[in-house]
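Novice:
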Amino acid sequence: MKNLFFSIKNHILDLFYPKICAGCASEGVLICRECEKAIVIRTPQCFICDRRSPDARVCRSCKKHTAYTRMYGPLSFKNDIVREMVHRLKYRGVKEYGVILGQFLAKATSYYALLPKKDAVIISVPLHPKRMRTRGFNQAEIIAKTYSELSNIPLADSESIIRRKNTPPQTTVADRSKRMENMRDVFFVKNATDFFGKTVILIDDVATTGSTINEAARALKRGGAREVWVFTAAR
């Protein structure tokens, strides 16, 4: 009965809000095959200096600047189709794009063999409760759930890490030192047993300045994580 209800609901939504491709605006699909083919998967590189890094590790000279060991974002946020998918997910509430972005992420990390060997767990970057109430969902959590299902890596309780400050979007802050100051002690680990001694894969939708993911990684390391890897759909 529940599945029937959602089937009817989705059919009604499709009638009034038809699916439109994020790239070419053709109807009936969220992204058509041709536009999907136009999205290039990035090769892994050091997030800080952009040097080639086949296993997505932050290079030795840049490691002192990060709390995470590896960082990979397979899609370019400069790509118009990718940017439109992220915007539709975050600001129009089209959650299916979170699933699509999670699928891209799983495909790319599998192709480049970026998977921990053992003792790994996935967690999404949390939203502040106020922003969560406004948006109604955490876009990073949708991506993380999809990635967890496709990679067979368990997903930690979403409340295991808490965002205790409602900071402004980092893209609105030009000065790097101010970005770092804004994010200081924003996160804290509530359930350290979920992460202790494990490789934690931290998932977000987009990495721009890197200050948010770095501060979340610092909190996870303080909470006992052996290593933190950061995977974002785009960067």
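Start counting the sequence shown at 842; every next residue gets the next number (the numbering used here). Backbone N, C-alpha and C define an ideal beta-carbon position, used for all residues, glycine too.
1) Three Cβ pairs or more, each shorter than 8 angstroms: is that satisfied between the region 992-1001 and the region 1032-1046?
2) Quick one: does the C-beta of I984 sit closer than 7 angstroms to a heavy atom of the ligand ZN?
3) Which same chain residues, not among the five before or five after A1060, have their C-beta less than 7 angstroms away from its C-beta?
4) Could you please give the first and the last residue of the uninterrupted beta strand (DSSP E) stretch that includes E982?
5) Report the three-state DSSP secondary structure of L827 (helix, strand or coil).
6) Could you tell me the distance, in whole angstroms, from the CA atom of H928 to the CA atom of D921?
7) With distances taken Cα to Cα, identify the nearest neighbour of A1048 among G977, F1072, A897.
8) Do the region 930-942 and the region 894-908 touch if we need at least three Cβ pairs shorter than 8 angstroms?
9) Measure from the alpha carbon of T1050 to the alpha carbon of each residue in A879, R933, A1075, then state which is nearest.
10) What distance in whole Å lies between the Cβ atoms of V1069 and A908, which are believed to be in contact at a cut-off of 8 angstroms?
11) From which residue to which residue does the alpha helix (DSSP H) around I1044 run?
12) Quick check on DSSP: helix, strand or coil for Y953?
13) Can you tell me whether A947 is buried or exposed, with buried defined as 16 or more other CB within 10 angstroms of its CB?
14) Return the chain-ordered ranges of every alpha helix (DSSP H) run that is complete within the region 864-950 and spans a minimum of 4 residues.
15) Is I880 near A949, with beta carbons less than 8 angstroms apart?
16) Would you call D1035 buried or exposed, if buried means 16 or more other Cβ atoms sit within 10 Å of its Cβ?
17) Would you decide whether E982 is buried or exposed? Buried here means 16 or more other CB atoms lie within 10 Å of its CB.
18) Starting from L996, follow its DSSP beta bridges and name the residues at the other end.
19) Just reading off the beta strand (DSSP E) that T1073 is part of, what are its end residues?
20) Could you tell me the distance, in whole angstroms, from the CA atom of S951 to the CA atom of I984?
21) When we look at the beta-carbon of N1055 and count the other beta-carbons within 10 Å, is it buried (16 or more) or exposed?
22) Looking only at its own chain, which residues have a Cβ that is under 6 angstroms from the Cβ of R870, when we skip the five neighbours before and after it?
23) By Cβ distance below 7 angstroms, which residues in the same chain neighbour T910 in space, the five residues on each side in sequence not counted?
24) In angstroms with no decimal places, state the Cα-to-Cα distance between L996 and R892.
Specialist: Let's see:
1) yes
2) In the structure shown, the ligand ZN is absent, as is every other ligand, since no ligand is present at all.
3) The residue you call residue 1060 lines up with position 219 of the sequence shown. Cβ neighbours of A1060 beyond the five flanking positions: I1002, F1028, F1029, V1030.
4) Locating residue 982 in the sequence shown gives position 141, where the first residue counts as 1. Taken as a continuous stretch (DSSP letters only), E982 belongs to no beta strand (DSSP E), being part of the alpha helix (DSSP H) at 980-992.
5) Beyond the ends of the chain as shown, which are 842 and 1076, falls residue 827; an answer cannot be given.
6) If you number the sequence shown from 1, residue 928 lands on position 87. If you number the sequence shown from 1, residue 921 lands on position 80. Taking the straight line from one Cα to the other gives about 10 angstroms.
7) By one-based count along the sequence shown, residue 1048 stands at place 207. Of the candidates G977, F1072, A897, the one whose C-alpha sits nearest the C-alpha of A1048 is F1072.
8) no
9) Residue numbering aside, residue 1050 sits at position 209 when the sequence shown is read from its first letter. Of A879, R933, A1075, the residue nearest in Cα terms is A1075.
10) As a position in the sequence shown, residue 908 is number 67, starting the count at 1. As a position in the sequence shown, residue 1069 is number 228, starting the count at 1. Confirmed, about 6 angstroms.
11) As a first step, residue 1044 must be located in the sequence shown, where it is residue number 203. Per DSSP, I1044 belongs to no alpha helix (DSSP H); it is in the beta strand (DSSP E), 1040-1047.
12) Taking the first residue of the sequence shown as 1, we reach residue 953 at position 112. Residue state, collapsed to three classes: coil.
13) The residue labelled residue 947 in the question sits at position 106 within the sequence shown. In the assembly as shown, A947 is a buried residue. Its beta-carbon has 16 or more other beta-carbons within 10 Å.
14) 874-878, 921-933
15) To locate residue 880, count along the sequence shown from 1; it is residue 39. To locate residue 949, count along the sequence shown from 1; it is residue 108. No. Outside cutoff.
16) The residue given as residue 1035 occupies position 194 in the sequence shown. By the neighbour-count rule (16 or more Cβ atoms within 10 Å), D1035 is buried.
17) Position 141 of the sequence shown holds residue 982. Classification of E982: buried, given that the 10 Å Cβ count is 16 or more.
18) For the purposes of this step, residue 996 is taken as the residue at position 155 of the sequence shown. L996 is bridged to I963.
19) Position 232 of the sequence shown, counted from the start, is the residue given in the question as residue 1073. Its beta strand (DSSP E) spans residues 1068-1075.
20) Stepping through the sequence shown from its first residue, residue 951 is reached at position 110. Stepping through the sequence shown from its first residue, residue 984 is reached at position 143. One C-alpha to the other measures close to 15 angstroms.
21) One-based indexing of the sequence shown puts residue 1055 at position 214. Answer is buried; the Cβ neighbour count reaches 16.
22) The residue given as residue 870 occupies position 29 in the sequence shown. The sequence shown places Val at residue 870, rather than the Arg named in the question. Cβ within range, chain order: K860, C862.
23) Taking the first residue of the sequence shown as 1, we reach residue 910 at position 69. Closer than 7 angstroms at the Cβ level, and outside the excluded window around T910, lie R898, V899, E1068, V1069, W1070.
24) For this step, residue 996 is matched to residue 155 along the sequence shown. For this step, residue 892 is matched to residue 51 along the sequence shown. Distance between the alpha carbons of L996 and R892: 30 angstroms.
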